[in-house]
Each structure stands twice: as structure tokens, then as C-alpha cells.
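Visitor:
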Ligand code: CO
């Protein structure tokens, strides 16, 4: 059996198990999804949103990219955010980074990853640039990486609050709450680093008045 055939076989076993536990499982989920959470996480295979939060299918709407970035020109991310906020009416948007993130490490190096990856990593380099005084003072490379992981999550949550999508929802729906979390690959524990609720300070440069 090839590795991908094993996936298909495991899938059959999983589907059977779900129906045994809850006969209406697929009937219920196929007609409706009402997730309370939008998860913006890293693509890293070691950080599966549902497994580490103990959530079931239907509970978390997920977007993942390298280093859990919120880039204001990313049509993919913005479409997911718009749909989650305005149609699914999620109550919480979580940006979850993780210590030891390869994307963060890559952005801290001087290596040329060639055009497309360089373009993506540039967004992380810009976060480093904002906090370079603090980051340059950290001598230990692992500690420096992990601090940038935390600061990057803070920046990406801030980027969410700077979108008209979130600002309009805060005004009309009094939600969602924004959360910045960091997952530890070594202990499996999530550390909250930032929370923004409706009314939180937004730099006037990015605040829309005529929503
Ligand atoms: Co990562």
C-alpha cells in the first residue's frame, strides 16, 4: 500500500467510527456549519488547529499560511476573513503562531529563497524591522526566534484590527474578539499573548470613519 492509499483507508475507518459514535454526525454537518472561531495559523504540519484545541468538525473555520500572516493585499486571507465575519458571524478570530516556526527562522536569515518565498518572507522581515532594537539585544538565536514569533502574532492581530472588515463588524456587531496565541511545539501548550476587543485602540492612520 502506498502512503496516500493509507490516507484513503484511514479515512474510511474514521467515517465509520464517526457514524458509530453519532449516527447523525454527517447528516447534521452536511447541511450547516456554525463555527464560532476563525483560526489563522501556520501551515506547519505539527500545528493542526482542531487537534490541539480538541475541537470537532464544524467548530473552527481555518485559514493557514506560512507563519500565520495577515497581509492586507492577500485576497485569499481577506476572503476567508470576510466570509467568516460577515456570513458565519464568528465570535472570535485567533491568530496562532508557534515557537520554532520555520518561516520566522527563514525570514531572520540572509538566504535568498528566490522570488515568491522572498516576497512572502519580506512581510516577516518588516515585523523584525519594527522591533529590531529589542530583537538585536537577544543573543540566544532560539530565544530571538521565539520572541519574533510572539511579536509577529501581535503584529498580525493588529493588522486584523486595521481592516475595514473588522472595524465595521466591531461597530455593527460588537464583535468578533481578536486573539493572538503562540503554540509550543515542545510542550503542546498554547500561550495567549494579546487580545483585542471592540473599542480597542486602533492607530488613527488605519481607522476608518465612514464605515
Ligand atoms: Co510555522
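In the numbering used here, the protein residues as written are 459 to 669. The C-beta atom is built at its ideal place from N, Cα and C for all residues, glycine as well. Small disclaimer: the values here were computed from a predicted structure and weren't measured.
1. In whole angstroms, what separates the C-alpha of residue 542 from that of residue 476?
2. If you pair each beta-carbon of the segment 597-610 with each one of the segment 549-561, do three or more pairs fall below 8 angstroms?
3. For the beta strand (DSSP E) containing residue 611, list its first residue and its last residue.
4. Cβ of residue 657 within 7 angstroms of any heavy atom in the ligand CO?
5. Return yes when at least one heavy atom of the ligand CO lies under 7 angstroms from the C-beta of residue 560, else no.
6. Pop quiz: residue 634 and residue 551 are said to be a contact at Cβ under 8 angstroms. What is the actual Cβ separation, rounded to whole angstroms?
7. Within 10 angstroms of its Cβ, does residue 492 collect 16 or more other Cβ (buried), or is it exposed?
8. When you compare the CB positions of residue 659 and residue 620, do they come within less than 8 angstroms of one another, or not?
9. Roughly how many angstroms lie between the CA atoms of residue 575 and residue 494, to the nearest whole one?
10. Roughly how many whole angstroms lie between the Cα atoms of residue 507 and residue 518?
11. Of all the CB atoms in chain B, is at least one closer than 8 angstroms to the CB of residue 509?
12. Skipping 5 residues on each side, what residues in its chain have a beta carbon closer than 8 angstroms to that of residue 510?
13. With a 10 Å radius around its C-beta and 16 neighbouring C-beta atoms as the bar for buried, classify residue 657 as buried or exposed.
14. Report all residues from its chain with a CB closer than 8 angstroms to the CB of residue 500; omit the five preceding and five following residues, and keep chain order.
15. Are the CB atoms of residue 580 and residue 593 nearer to each other than 8 angstroms?
16. So, with DSSP's three-state summary, where would you put residue 566?
17. Is residue 649 helix, strand or coil when you go by DSSP?
18. For the candidate residues 498, 618, 473, 617, whose alpha-carbon lies nearest to that of residue 487?
19. For my contact list, residue 566 and residue 589 are in at a C-beta cut-off of 8 angstroms; report their separation, rounded to the angstrom.
20. If you follow the beta strand (DSSP E) that residue 495 is part of, which residue opens it and which one closes it?
21. Quick check on residue 636: does DSSP put it in helix, strand or coil?
22. When the distance is taken between beta carbons, is residue 465 closer than 8 angstroms to residue 548?
Guide: Put simply:
1. Here residue 542 is taken as the residue at index 84 of the chain shown, counted from 1. Here residue 476 is taken as the residue at index 18 of the chain shown, counted from 1. When rounded, the distance between both Cα atoms is 26 angstroms.
2. yes
3. Residue 611 sits at position 153 when you count from the first residue of the chain shown. It is not in any beta strand (DSSP E) - residue 611 instead sits in the alpha helix (DSSP H) that spans 599-619.
4. Sequence index remark: in the chain shown, residue 657 carries index 199 (1-based). Flag unset: Cβ of residue 657 not near the ligand CO.
5. The sequence position of residue 560 within the chain shown is 102, counting from 1. Yes.
6. To locate residue 634, count along the chain shown from 1; it is residue 176. To locate residue 551, count along the chain shown from 1; it is residue 93. Confirmed, Cβ separation roughly 5 angstroms.
7. Taking the chain shown and counting its residues from 1, the one referred to as residue 492 is at position 34. Exposed, because fewer than 16 other Cβ atoms sit within 10 Å of the Cβ of residue 492.
8. What you label residue 659 is simply residue 201 of the chain shown in a count that begins at 1. What you label residue 620 is simply residue 162 of the chain shown in a count that begins at 1. Contact flag unset, no.
9. On the chain shown, residue 575 is found 117 positions in, with the first residue counted as 1. On the chain shown, residue 494 is found 36 positions in, with the first residue counted as 1. Going from the Cα of residue 575 to the Cα of residue 494 covers about 32 angstroms.
10. Numbered from 1 along the chain shown, position 49 holds the residue referred to as residue 507. Numbered from 1 along the chain shown, position 60 holds the residue referred to as residue 518. Roughly 8 angstroms separates the two Cα atoms.
11. The structure shown contains no chain B; it is built from a single protein chain.
12. As a first step, residue 510 must be located in the chain shown, where it is residue number 52. These residues qualify, in order along the chain: 641, 646, 648.
13. Along the chain shown, read from residue 1 onward, the residue named residue 657 stands at position 199. Residue 657 should be labelled exposed.
14. Numbered from its first residue, the chain shown carries residue 500 at position 42. Correct list, in chain order: 522, 523, 524, 525, 526, 554, 555, 556, 559, 561.
15. Sequence index remark: in the chain shown, residue 580 carries index 122 (1-based). Sequence index remark: in the chain shown, residue 593 carries index 135 (1-based). No, the pair does not count as a contact, with Cβ atoms beyond the cut-off.
16. Residue 566 sits at position 108 when you count from the first residue of the chain shown. Residue 566 falls in the helix class under three-state DSSP.
17. Looking up residue 649 in the chain shown gives position 191. Of the three classes helix, strand and coil, the one that applies to residue 649 here is strand, per DSSP.
18. Within the chain shown, residue 487 is the residue found at index 29, counting from 1. Nearest of 498, 618, 473, 617 to residue 487, Cα basis: 473.
19. In the chain shown, residue 566 corresponds to position 108, counting from 1. In the chain shown, residue 589 corresponds to position 131, counting from 1. In fact, because the Cβ distance is near 12 angstroms, the residues do not count as touching under 8 angstroms.
20. In the chain shown, residue 495 corresponds to position 37, counting from 1. 495-500 is the extent of the beta strand (DSSP E) around residue 495.
21. The sequence position of residue 636 within the chain shown is 178, counting from 1. Three-state result, residue 636: strand.
22. In the chain shown, residue 548 corresponds to position 90, counting from 1. In the chain shown, residue 465 corresponds to position 7, counting from 1. Contact: no.
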